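15 is the number of the first residue of the sequence shown in the numbering used here; add one for each residue after it.
We treat Cβ as the ideally placed atom computed from N, Cα and C, and that holds for glycine.
Since this is a predicted model, take the numbers as computed values, not measurements.
Quick notes on the structure that follows.
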Amino acid sequence: MTRLNDSDLPLALLQFYSTAAYPCSYLPDRQSVSQVAIPPQLVTASIYSDLVHRGFRRSGDFAYRPACAGCHACVPVRVPVDRFAPDRSQRRCLKAHGNLVATELPLQYSAEHFQLYRHYQARRHAGGGMDLDDRQQYTQFLLQSHVDSRLVEFRDDGDLRMVSVIDVLNDGLSSVYTFFDPDIAGASFGTYNILWQIRQCLANDLPHLYLGYWIRDCRKMSYKAHFRPTEGLIDGRWQEINPATTTPTA
């Protein structure tokens with residue numbers, strides 16, 4: 015996986031604004047506020063690496079982080095890959111899905127990918143809003159980027175099983191989004207994808223895999239705590255955390 019070059023622009027050129035409050039996607043009866051970096055055109059790969067290190071994530075063109083008053087439930091997490099060792103279940107997952115063939119493709123629309131995305135959303139996240147995404151919303155979410163982003167598809171004997179979008183950072187990879195075939199009995203595609211990304215970090219001398227936000231009281235986020243050791247950004251410092259006890263919901 016090669017890395018792209020860009021000019022180093024100072025973070026001082028960016029401005030940050032807070033969005034209006036909107037319903038939280040992860041905790042019921044909560045309102046969320048995000049801090050967004052603008053203009054998005056200045057968020058190059060190098061600057062985005064700095065932003066991710068400060069707890070930001072990317073959705074389409076926009077880099078953001080939670081800025082909810084009185085709530086610190088969202089913890090940015092990453093895996094220090096040189097210290098990671100798969101447990102027994104993860105080793106079984108690697109073996110079970112070892113026949114998947116990964117191919118890096120341009121960050122562009124594919125009707126086959128979109129069909130899988132819609133099916134995944136309908137089966138795994140029905141009623142969450144994204145199950146109603148049209149082609150334009152899908153494209154804006156996953157296929158628009160000003161940073162070094164890669165689209166990787168995974169096939170089994172020619173059949174599409176999974177698609178993942180990954181950002182390449184100065185000090186690691188950032189896992190943006192993954193969707194997969196939800197109908198394969200016994201499959202653990204999501205787990206395999208993270209393990210594959212960890213291996214990509216190791217192969218490219220990148221020390222960290224950034225997994226976005228982990229919320230202790232959100233079942234959808236629980237899988238991120240299974241890749242240990244886990245480091246979280248707490249009080250402005252990356253430190254090893256115990257997912258069983260860290261950062262109770264405020």
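>> Can you tell me whether Tyr40 is helix, strand or coil according to DSSP?
In response: Taking the first residue of the sequence shown as 1, we reach residue 40 at position 26. Three-state result, Tyr40: coil.
> Based on Cα-Cα distance, which residue from Ser46, Tyr40, Ser39, Met176 lies nearest to Thr33?
Replying inline: Numbered from 1 along the sequence shown, position 19 holds the residue referred to as residue 33. Taking the Cα of Thr33 as reference, the smallest distance to any Cα among Ser46, Tyr40, Ser39, Met176 is reached at Ser46.
> Where does Leu146 land, buried or exposed, given buried means 16+ other C-beta within 10 angstroms?
Replying inline: The sequence position of residue 146 within the sequence shown is 132, counting from 1. Classification of Leu146: exposed, given that the 10 Å Cβ count is below 16.
>> If distances are taken between C-alpha atoms only, which option among Arg175, Leu56, Cys82 comes closest to Tyr134?
In response: Within the sequence shown, the letter at position 120 stands for residue 134. The candidate whose alpha carbon is nearest that of Tyr134 is Arg175.
> Is Arg68 helix, strand or coil by DSSP?
Replying inline: Reading the sequence shown from its first residue, position 54 is the one you call residue 68. Arg68: coil per DSSP, three-state reduction.
> When DSSP labels each residue in this structure, what does Ala110 get in the three-state scheme?
Replying inline: To locate residue 110, count along the sequence shown from 1; it is residue 96. Correct three-state label for Ala110: helix.
>> Considering Cα atoms alone, identify which of Thr153, Ile61, Gln49 is closest to Leu183.
In response: Locating residue 183 in the sequence shown gives position 169, where the first residue counts as 1. For the residues Thr153, Ile61, Gln49, the minimum Cα distance to Leu183 belongs to Ile61.
>> With a threshold of 6 Å on Cβ separation, who are the neighbours of Tyr36 within its own chain once the five nearest residues in sequence on each side are excluded?
In response: Here residue 36 is taken as the residue at index 22 of the sequence shown, counted from 1. Excluding positions up to five away in sequence, the list reads Ser46.
> Within 10 angstroms of its Cβ, does His86 collect 16 or more other Cβ (buried), or is it exposed?
Replying inline: Here residue 86 is taken as the residue at index 72 of the sequence shown, counted from 1. Under this definition His86 is an exposed residue.
>> Determine whether the beta carbon atoms of Tyr265 and Pro90 lie at a separation below 7 Å.
In response: Any answer about residue 265 is impossible in this case: the structure gives the chain only from 15 up to 264.
>> Distance check for Pro196 and Arg105, CA to CA, integer angstroms please.
In response: Within the sequence shown, numbered from 1, the residue matching residue 105 stands at position 91. Within the sequence shown, numbered from 1, the residue matching residue 196 stands at position 182. Cα atoms of Arg105 and Pro196: separation of roughly 21 Å, rounded to the nearest angstrom.
> Would you report the Cα separation of Thr205 and Gln214, rounded to the nearest angstrom?
Replying inline: In the sequence shown, residue 205 corresponds to position 191, counting from 1. In the sequence shown, residue 214 corresponds to position 200, counting from 1. Each residue's alpha carbon lies about 14 Å from the other.
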